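Asker: The following block contains the structure, expressed as structure tokens.
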């Protein structure tokens, strides 16, 4: 397993992988749309590109060094849907606020929303989807918690035993 890269390196890799898949996807949608309806081509390419980018992020961007799990694919797809919703909302709001926005304004709004959604998606992927040692840290914490609970129970029993009269101590030891 490879070492986890720093935030700046991971972000550069995220932009490279996600951007590369995005550019390839735009060409793929255009080519596929010549054979099937555009909305169907777009949906198909969106699914394929999300699967591909999740694999790239698992193997390269976040330094996991292995294949993405189904949980990671599902979470990544959820973050992609959320990013899509942000860009759609931004464009909808633009249409509501400006009667006839020009192409330049539309591009500025769309790219700004995409950048915001991309930064949020990067954070979700880095901190949640591809975070290391989440399950191991949770598992490791349980024995410590159990040990502390046992220690606390034993400390209480010791305190009670010390407070008891000498005759009562032997009864406490036999009962325990």
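Numbering (my numbering), first residue to last: 1095 to 1270.
A virtual CB, placed ideally from N, CA and C, is assigned to each residue, including glycine.
These numbers were taken from a predicted model, which means no experiment stands behind them.
Buried or exposed for residue 1160, going by 16 or more other Cβ atoms inside 10 Å?
Answerer: exposed
Asker: Name the residue from 1172, 1152, 1157, 1219 whose alpha carbon lies nearest to the alpha carbon of residue 1163.
Answerer: 1152
Asker: Quick check: what's the CA-CA separation for residue 1127 versus residue 1192?
Answerer: 30 Å
Asker: List, from N- to C-terminal side, the alpha helix (DSSP H) runs of 4 residues or more that fit wholly inside the stretch 1100-1140.
Answerer: 1101-1126
Asker: State yes or no: is the beta carbon of residue 1134 nearer than 8 Å to at least one beta carbon in chain D?
Answerer: In the structure shown, chain D cannot be found, because there is only a single protein chain.
Asker: Tell me whether residue 1220 is buried or exposed, calling it buried when 16 or more other Cβ atoms sit within 10 Å of its Cβ.
Answerer: buried
Asker: Where do the ends of the alpha helix (DSSP H) carrying residue 1159 lie?
Answerer: Unbroken run through residue 1159: none, as it is neither H nor E.
Asker: In whole angstroms, what separates the C-alpha of residue 1174 from that of residue 1182?
Answerer: 12 Å
Asker: So for residue 1194, helix, strand or coil by DSSP?
Answerer: coil
Asker: Note down, in chain order, each residue of its chain lying with its Cβ closer than 6 Å to the Cβ of residue 1103, except the 5 sequence neighbours on either side.
Answerer: none
Asker: Only counting the same chain, and skipping five residues up and downstream in sequence, which positions put a Cβ closer than 8 Å to that of residue 1230?
Answerer: Confidence at residue 1230 is low in this model, with a pLDDT of 45, below 50, so the placement of that residue is unreliable and no value is reported for it.
Asker: Where does residue 1224 sit, in a helix, a strand or coil, going by DSSP?
Answerer: coil
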